[in-house]
Each structure stands twice: as C-alpha cells, then as structure tokens.
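**Student:**
Residue numbers (this note's numbering), protein chains in the order written: chain A, -15 to 94; chain B, 1365 to 1480.
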C-alpha cells in the first residue's frame, strides 16, 4: 500500500527559507501535492506537481521531485509568520485516492 | 476557484444520538467525494469514497453501519455518525474531486465533532 513519510516539526526564523521533505513509496503516483492546514481549519491546496516533472515554482513556493528516490520537497522562500501551519504531503495514483503524510508542523519565530 | 462547503463546523452531541455532516461543492459538480477523519496531531485517515448515485466505498476497518454516507446529488454528500460515542469525537473533513481542474481535490473546512 501507499506510504508517505515526512518530518514532524520544523522551526524557522522569519525571513529565512523553509524546506519540508517528504518521501513516498508508491511508484505509480501520478500527482504529488502539498497542503497547508491552519488550526481548526480544513486543508488548503498550496501546490502540486505531476510525476513527470522535477521542479515547479509558484511565487515563494518551489517544489522539487526526485522520482528515482521518491523524494519530494517544498521550499518556502522568505518565510513569514503567516506560514506557521501544518504542511501535508500527499500523493495520488490511478484510483484518485489521496495518501497523506503525518504532517510537518512549521513554526516561524521572529 | 472550486469551493467546498462543509457544515456544521462544530457540533456537540450526546452519546447515543446521531449527527449528520454535509459537504457541498458550490461551483462544480463532484461525482466523487471523500470523507476523512483526523485525530489530534495526526494525519488524515480516509474513511470512505462517496460516489454519486451509488454506494460508498469504505476503507478497511471503517464500519459502514456506523458511518452512513449518502451522495444523492452531484453537489452534496452527507456523512451521518450513528449512535455516536465519545470515541467518535474527532475532526471530520470532506473533499471533492473537481475533474475540470488538474490536481483538483478541494477540501471542506472540517467539522469538529464532540460526543459527550
């Protein structure tokens, strides 16, 4: 079955870059996603990458995909206090179901 | 963009009663919706896939008689927690697949259920 793993915590200083890492096991993954969850709220799609791409940039967000190593990362440039949240990595394959990692809690300190 | 409305956002109910949670796609049609459960500081656990006009597909270990799912229209799926008990207290989140939008899984804002 699918297995998605990510580090649980990240503390970063305001203005620095944050890098959140994720590994997955399903080689048939078609899309990989990053979601953001603020306290008591649902999930907000931040960005996604198709499995035949190795990089995607969207304003402050950069996603890197190493398909050979099944490694996905999300880089947030110039991290702000509003970026404090839980970030979930997720993957989907042909059955359209999403498999989520446990979430990385990002804390931005002044 | 695609919006999914989930209602209620919070509900407190007595043990033994049933609670219905609604998930609506507001500006797109969703033939498939998903229901997740999230435990504190944990990831989302997929409970079931809700298919419009047919029976839901439940994940292993999820009691279908406990968690009733109805997807009667292309914009509405409901999850009813029957005979709720304190261990059913959790955060429930729905999502809808917007096939007109690449990478399009849109999530509702979640429902915090507390059973007392």
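For every residue, glycine included, the Cβ atom is placed at its ideal position computed from N, Cα and C.
With residue 75 of chain A as the anchor, note down where its beta strand (DSSP E) starts and where it stops.
**Tutor:** Locating residue 75 of chain A in the first chain gives position 91, where the first residue counts as 1. That run of the beta strand (DSSP E) goes 69 to 76.
**Student:** Report the residue from A:86, A:76, A:89 whose alpha carbon sits nearest the alpha carbon of residue 16 of chain A.
**Tutor:** For the purposes of this step, residue 16 of chain A is taken as the residue at position 32 of the first chain. Here the closest residue by C-alpha is A:76.
**Student:** Can you name the residues of chain A whose CB is closer than 9 Å to the CB of residue 1451 of chain B?
**Tutor:** For this step, residue 1451 of chain B is matched to residue 87 along the second chain. What residue 1451 of chain B touches in chain A: nothing, since even the nearest Cβ is about 21 Å away.
**Student:** Return the chain-ordered list of same chain residues with a C-beta closer than 7 Å to the C-beta of residue 1393 of chain B, the five sequence neighbours on each side being excluded.
**Tutor:** In the second chain, residue 1393 of chain B corresponds to position 29, counting from 1. Counting only Cβ-Cβ distances below 7 Å, and skipping sequence neighbours, we find 1438, 1439.
**Student:** Around the C-beta of residue -15 of chain A, are 16 or more other C-beta atoms found within 10 angstroms, so that it is buried, or is it exposed?
**Tutor:** Counting from 1 along the first chain, the entry for residue -15 of chain A is found at position 1. In this prediction, residue -15 of chain A scores a pLDDT of 42, lower than 50, which makes its location untrustworthy; no coordinate-derived value is stated.
**Student:** Could you pull out every unbroken beta strand (DSSP E) segment of at least 3 residues lying fully inside the segment 1409 to 1479 of chain B, listed in chain order?
**Tutor:** 1431 to 1437, 1440 to 1445, 1454 to 1461, 1469 to 1471, 1475 to 1479
**Student:** Mind checking residue 70 of chain A: buried by the 16 CB within 10 Å criterion, or exposed?
**Tutor:** As a working mapping, residue 70 of chain A is identified with position 86 in the first chain. Answer is buried; the Cβ neighbour count reaches 16.
**Student:** Kindly list, in the order they appear in chain A, the residues whose Cβ is closer than 7 Å to that of residue 1474 of chain B.
**Tutor:** Numbered from 1 along the second chain, position 110 holds the residue referred to as residue 1474 of chain B. Result: 25, 26.
**Student:** For residue 88 of chain A versus residue -5 of chain A, is the C-beta spacing smaller than 8 Å?
**Tutor:** For this step, residue 88 of chain A is matched to residue 104 along the first chain. For this step, residue -5 of chain A is matched to residue 11 along the first chain. Not closer than 8 Å, so no.
**Student:** Here's the rule I'm using: 16 or more other beta-carbon atoms within 10 Å means buried, otherwise exposed. How should residue 37 of chain A be labelled?
**Tutor:** As a position in the first chain, residue 37 of chain A is number 53, starting the count at 1. With fewer than 16 Cβ atoms within 10 Å of its Cβ, residue 37 of chain A is classed as exposed.
**Student:** Using a Cβ-Cβ cut-off of 8 Å, state whether residue 1407 of chain B counts as contacting chain A.
**Tutor:** Working through the second chain from its first residue, we reach residue 1407 of chain B at position 43. Yes, residue 1407 of chain B counts as interfacial toward chain A.
**Student:** Check the Cβ-Cβ distances between residue 71 of chain A and every residue of chain B, and say whether any is below 8 Å.
**Tutor:** Position 87 of the first chain, counting from 1, holds the residue named residue 71 of chain A. With 8 Å as the cut-off, residue 71 of chain A does not count as an interface residue toward chain B.
**Student:** Examine chain A for any beta-carbon lying closer than 8 Å to the beta-carbon of residue 1444 of chain B, and answer yes or no.
**Tutor:** Residue 1444 of chain B sits at position 80 when you count from the first residue of the second chain. Taking Cβ atoms only, chain A never reaches closer than 8 Å to residue 1444 of chain B, which makes this a no.
**Student:** Would you say residue 1431 of chain B faces chain A, with C-beta separation under 8 Å as the test?
**Tutor:** Walking along the second chain from the start, residue 1431 of chain B turns up at place 67. No, because no Cβ of chain A sits closer than 8 Å to the Cβ of residue 1431 of chain B.
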